[in-house]
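Going left to right, the first sequence walks through residues 1 to 670 as UniProt numbering numbers them.
Backbone N, C-alpha and C define an ideal beta-carbon position, used for all residues, glycine too.
Computed from a predicted structure; not experimentally measured.
Below is one structure, written out as structure tokens; the observations come after it.
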Amino acid sequence: MTRILCVAEKPSISKAVAGHLSGGHFQTANTRDTYTKNYTFNFDFGPPWGHSEVTMTAVRGHITQLDFPDDYKRWEYPPPERLFDARIQKSISSDKKNIAKNIEDQARRSDVLIIWTDCDREGEHIGGEIRDVARKGKPGIVVRRARFSNIERAHILNAARQLVALDDKQVDAVDARIELDLRIGFAFTRFLTLKLRPLGGPMSELMLSYGSCQFPTLGFVVDRYFRVKNFVPEAFWGIKVIHERDDIRVTFNWIRHRLFDRMAVTILFERCILARYAKVTKVQEKPTKKWKPLPLTTVEMQKMATRFLRMTGQEALSMAEKLYNQGFISYPRTETDRFDKGMNLQALVQKQTPDNRWGQFAQNLVDGAFQQPRQGRNDDKAHPPIHPVTYADPSVLNENEKKIYELVVRRFLACCSEDAKGVSTGVEIIYGDESFNAHGLIVVERNYLDVYPYENWTGTAQLPRFRVGERFEPLEAEMTEGKTTPPGYLTEADLIALMDANGIGTDATMAEHIEKIQERQYARTVERAGRGGNQNGADDDNADAPAARGGRGRGRGARDGRGGRGGRGGGTARGGGRGGVREFIPTSLGVALIEGFDRMSFDTSLGKPFLRKEMELQMKAICEGRTTKQAVLADSISKYRQVYEQSQGELGTLTAACRQYVFGNGAAAG
DNA sequence: GCAAGGTC
1 MTRILCVAEK PSISKAVAGH LSGGHFQTAN TRDTYTKNYT FNFDFGPPWG HSEVTMTAVR
61 GHITQLDFPD DYKRWEYPPP ERLFDARIQK SISSDKKNIA KNIEDQARRS DVLIIWTDCD
121 REGEHIGGEI RDVARKGKPG IVVRRARFSN IERAHILNAA RQLVALDDKQ VDAVDARIEL
181 DLRIGFAFTR FLTLKLRPLG GPMSELMLSY GSCQFPTLGF VVDRYFRVKN FVPEAFWGIK
241 VIHERDDIRV TFNWIRHRLF DRMAVTILFE RCILARYAKV TKVQEKPTKK WKPLPLTTVE
301 MQKMATRFLR MTGQEALSMA EKLYNQGFIS YPRTETDRFD KGMNLQALVQ KQTPDNRWGQ
361 FAQNLVDGAF QQPRQGRNDD KAHPPIHPVT YADPSVLNEN EKKIYELVVR RFLACCSEDA
421 KGVSTGVEII YGDESFNAHG LIVVERNYLD VYPYENWTGT AQLPRFRVGE RFEPLEAEMT
481 EGKTTPPGYL TEADLIALMD ANGIGTDATM AEHIEKIQER QYARTVERAG RGGNQNGADD
541 DNADAPAARG GRGRGRGARD GRGGRGGRGG GTARGGGRGG VREFIPTSLG VALIEGFDRM
601 SFDTSLGKPF LRKEMELQMK AICEGRTTKQ AVLADSISKY RQVYEQSQGE LGTLTAACRQ
661 YVFGNGAAAG
């Protein structure tokens with residue numbers, strides 16, 4: 001019989017795949033790595049091997065690391081720029097030695113290696129590492145790759161019979177990323193640390209790191225800080241019309257919303273008053289919906305946890321990992337917001353019926369209210385959206401685990417129920433030469449909202465009856481006055497959204513970069529002061545995060561005050577509470593670093609997200625065969641070397657920024 | 001003492 005070695009990216013996948021291929025009948029053996037097991041069973045992979053003896057095992061992520069030789073250990077010499085072309089060496093990471101040994105040993109007694117890593121670029125690279133190690137055990141081993149995008153039984157069985165080759169282009173793309181991050185990160189970190197140390201103050205003892213993700217992350221924080229700081233309020237004026245009918249007081253809003261010219265508004269307002277009567281031009285009543293949320297991704301989970309659960313993104317991810325390792329929820333690092341058609345979601349809903357918080361709701365779904373979830377546009381081809389796998393009794397979870405589990409379950413149940421339904425009414429009038437409108441909303445069926453306290457849909461109220469063509473004399477009309485208000489500082493949810501939109505970090509690492517800029521004392525968080533604005537809540541769920549948010553135009557003006565507080569329904573899971581939102585502000589050091597680079601004469605500053613984006617594009621180009629790893633490396637390294645030389649040449653700009661912000665009067669907070 | 005990526 002052919003002997004086949006299968007290797008997955010992580011132990012959980014190896015176990016799940018072994019279960020499917022073997023029909024649940026496999027033998028388990030320990031390895032020298034505590035977390036990984038070898039499963040053995042028989043399986044028919046079809047031609048050419050037919051019935052085979054299979055060993056299925058796993059790695060735990062990447063197994064190799066890239067390093068500079070020992071003669072580059074010292075920071076002062078050789079000078080940092082030498083790291084751009086220093087020799088580098090790949091080796092098995094010290095904590096992966098046992099894993100590598102296991103694969104090498106198993107490969108020695110196998111004819112075929114089948115790689116079962118995640119179907120993404122990093123997964124392909126890990127596949128390459130596995131192949132290299134296996135070839136040490138058996139140079140001529142046949143290497144194949146299984147392509148699977150979820151761990152449904154039928155899908156896995158299918159993947160086992162449609163093996164493909166490992167994609168060396170993707171392996172190369174990741175090789176390039178790893179090398180560039182290493183060279184650029186180390187070179188600029190040493191440069192910054194050594195060159196700014198003589199300035200004294202915090203620079204004399206801190207390590208000043210640079211990274212292609214941490215710097216743009218800091219850049220977002222600094223950018224918003226300046227937008228708040230430099231915000232100049234502008235006065236605006238508007239017109240408000242109020243009428244009362246059937247004991248209902250209706251406010252009509254000006255279609256023009258507001259104007260920044262007092263004289264103009266005064267004239268328009270006077271024409272309204274002179275006209276005396278308003279005329280109804282349009283009355284509309286139509287059914288409307290509030291869409292249920294999309295299936296849960298990692299990014300969305302982190303945003304929600306920071307908004308509603310008083311956790312940081314990192315805490316949320318770490319709790320989700322614990323829940324995953326206990327088998328309560330699915331894999332927590334995913335970009336996918338659509339469930340595979342083949343998944344039996346109703347069975348998962350059924351498992352939630354014993355709960356005394358949402359069990360009844362789950363039971364209703366089982367009894368016929370179940371609806372297929374919406375399909376988002378993202379699919380990482382490796383993992384399904386985050387969902388509950390088994391029921392976890394609250395008594396077996398700690399406080400934070402409980403909160404995250406509740407979030408995952410409620411989101412899942414919301415996904416599997418129906419959109420909320422309502423009736424919206426609209427009345428439009430002409431008064432003078434100006435148009436005004438009023439809106440009313442009546443919520444008819446709450447549906448998913450009943451299990452999902454993170455959102456609410458408040459019926460503004462019912463409007464009284466108006467008829468098209470009728471004329472009436474408004475009860476009140478007044479000219480209003482207001483000022484534009486600055487945006488708030490970045491919340492963690494804002495920051496995650498910006499990173500997501502700009503391709504900074506991955507679902508698994510975004511929270512780490514956010515931690516990193518705080519650890520380096522580039523930024524810190526403060527509790528939001530008691531101002532009303534900038535609370536977006538989760539109601540903007542369906543909108544994609546903008547790549548950059550404008551200083552103005554963020555809200556609809558000062559008038560609406562966005563008094564979101566208390567507007568949403570109170571729910572058990574809403575930890576948020578008054579003033580509980582943390583905001584990110586840069587330290588004076590963080591401002592100095594970003595400003596220092598921004599003021600140099602680069603096309604693209606190191607503090608902006610464009611360089612990381614470019615690296616992403618280059619990787620894509622390698623994957624699509626439009627360029628090669630060697631070309632990208634040569635190109636990028638020479639480019640960054642130029643950036644480095646220029647930074648050295650314009651060091652005065654950077655030190656000036658440090659003097660200004662860290663020691664000067666115009667210092668930033670911190 | 002430095003990066004970012006994977007995973008436990």
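How close, in whole Å, do the beta carbons of P586 and V222 come, if the pair is a contact with beta carbons under 8 Å? The Cβ separation is near 5 Å, so the contact holds.
Determine the direct distance from the alpha carbon of I103 to that of H51, and round the result to whole angstroms. Within the model, the alpha-carbon separation for H51 versus I103 is close to 22 Å.
Let's test the definition: count the other Cβ atoms within 10 Å of the Cβ of N158 and tell me whether it reaches 16, buried, or not, exposed. exposed
Under the three-state DSSP convention, the category L113 falls into: strand
What residues are listed by DSSP as bridge partners for Q27? T40
At the level of alpha carbons, what is the spacing between Q214 and R582? 19 Å
Take the Cβ of L617 as the centre, count every other Cβ of all protein chains shown within 10 Å, and call the residue buried at 16 or more, exposed below. exposed
Have a look at Y489, I115 and F41 and flag the residue whose alpha-carbon is nearest the alpha-carbon of F26. F41
DSSP three-state assignment for N253, whether helix, strand or coil: strand
Keeping to the same chain, check which residues put their C-beta closer than 8 Å to that of R121; ignore five residues upstream and five downstream. Q170, A173, V174, M619 and C623
Comparing C-alpha positions only, which one of Y35, V54 and K37 sits nearest to D44? Nearest C-alpha to D44: V54.
Under 7 Å, do V662 and L589 count as touching if we go by C-beta distance? Their beta carbons are under 7 Å apart, which means V662 touches L589 by this criterion.
Within 10 angstroms of its Cβ, does L348 collect 16 or more other Cβ (buried), or is it exposed? Answer is buried; the Cβ neighbour count reaches 16.
Helix, strand or coil at L606 [DSSP, three-state]: coil
On the premise that A165 lies in contact with R145, defined as a C-beta separation below 8 Å, what is that separation, rounded to the nearest angstrom? 6 Å
Beta-carbon proximity list for R307, same chain, < 6 Å, skipping 5 on both sides: A493
Specify, as a first and last residue, the run of the beta strand (DSSP E) that V280 falls within. Taken as a continuous stretch (DSSP letters only), the beta strand (DSSP E) holding V280 covers A278 to K290.
Among D379, K351, I130 and K240, whose alpha-carbon lies nearest the alpha-carbon of R410? The shortest Cα separation from R410 among D379, K351, I130 and K240 belongs to K351.
Just to confirm, are E401 and K322 a CB contact at a threshold of 7 Å? yes
With DSSP run on the structure shown, which of helix, strand or coil describes E445? DSSP, read as helix, strand or coil, puts E445 in strand.
Helix, strand or coil for V221 per DSSP? It is helical.
Is it the case that the stretch 434–442 contacts the stretch 292–300, given that we only count it when at least three CB pairs across the two stretches are under 8 Å? no
Express the C-alpha separation of R271 and I242 in angstroms, rounding to a whole number. 16 Å
Residues in its own chain within less than 7 Å of A621 by CB, not counting five upstream and five downstream? T627
How far does the alpha helix (DSSP H) with H513 in it extend, from its first residue to its last? Here the alpha helix (DSSP H) through H513 covers M510 to E519.
What residues match up with L66 in a beta bridge as DSSP calls it? K90
Keeping to the same chain, check which residues put their C-beta closer than 7 Å to that of P354; ignore five residues upstream and five downstream. Y391
Assigned exposure category for F260 - 16 Cβ within 10 Å defines buried: exposed
Report the option in E234, R190 and Y225 whose CA atom is closest to the CA atom of T485. E234
Out of curiosity, what's the CA-to-CA distance linking G359 and V250? 40 Å
Contact defined as beta carbons within less than 8 Å: I believe K421 pairs with E445. What is the distance between those atoms, to the nearest angstrom? 4 Å
Below 7 Å CB to CB, which residues in the same chain sit around G566 once its five sequence neighbours on both sides are set aside? The pLDDT assigned to G566 is 30, lower than 50, so where the model puts this residue is not dependable; a value taken from the coordinates is nonetheless given after this. Result list for G566: empty, nothing under 7 Å.
Span of the beta strand (DSSP E), counted from its first residue to its last, around A235: A235 to R245
Do you know whose CA, among P287, R245 and I239, lies nearest I267's CA? I239
In the DSSP output, what is L259 paired with across the bridge? W237
Buried or exposed: where does G596 fall if 16 or more other Cβ atoms within 10 Å of its Cβ makes it buried? buried
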